[in-house]
Amino acid sequence: MLSIEEVARRIREVDENAVEGLSLAEVRQVSDSWGVDRLPDAYVEFLVQMGVRGGRLLQGTEAFFPEILELPRDAEEFFQEDEGGMPLPRGAQVFAMHQGYQVYWLSDLLVPDPEVVLYMERRSEPMEVWPSFTHFINAEFQLSYPTGE
């Protein structure tokens with residue numbers, strides 16, 4: 002499994018301008034807008050390496066700065082309108098939203114590399130679960146860059 006830094010490096014090898022990360026001040030802006038004291042280490046590494054853009058990684062998904070600043074409001078609206086679906090678990094934090102009908106959340110912000118859950122509206126259970134954020138990024142990298150290019 003590749004580190005998040007290595008995933009960013011490999012994307013840069015394909016297109017050096019495809020990846021742009023956040024400054025530590027911008028990372029703090031994310032945690033402040035989410036109303037949390039700290040973010041998981043693996044997620045911070047993602048933000049620092051490719052928090053503004055990540056090439057084809059998560060293309061079409063609200064997973065990058067500055068859109069992620071609005072995720073608490075968007076997630077609240079998503080779950081309020083999700084009749085019959087499952088609620089966001091206590092302690093979880095939505096970090097990405099796809100096309101308004103799928104959300105990705107970090108299961109526990111206190112874990113350095115937390116489990117990631119993909120949920121689609123009106124479902125009674127998650128669509129997919131990755132054991133860690135790093136596993137999730139690796140899976141997305143393989144989907145977006147199947148031959149490493």
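Under this note's numbering, the first residue of the sequence shown is numbered 2, with each subsequent residue one higher.
Glycine included, every Cβ here is placed at the ideal spot set by N, Cα and C.
- Between the alpha carbons of residue 60 and residue 19 lies a gap of roughly 11 Å.
- Excluding its 5 nearest sequence neighbours in each direction, residue 40 has C-beta neighbours in its own chain below 6 Å: 32, listed in chain order.
- Per the DSSP secondary-structure output, residue 55 pairs in a beta bridge with 20.
- Here the alpha carbons of residue 110 and residue 38 stand approximately 9 Å from one another.
- Around the C-beta of residue 148, fewer than 16 other C-beta atoms lie within 10 Å, and the residue is accordingly described as exposed.
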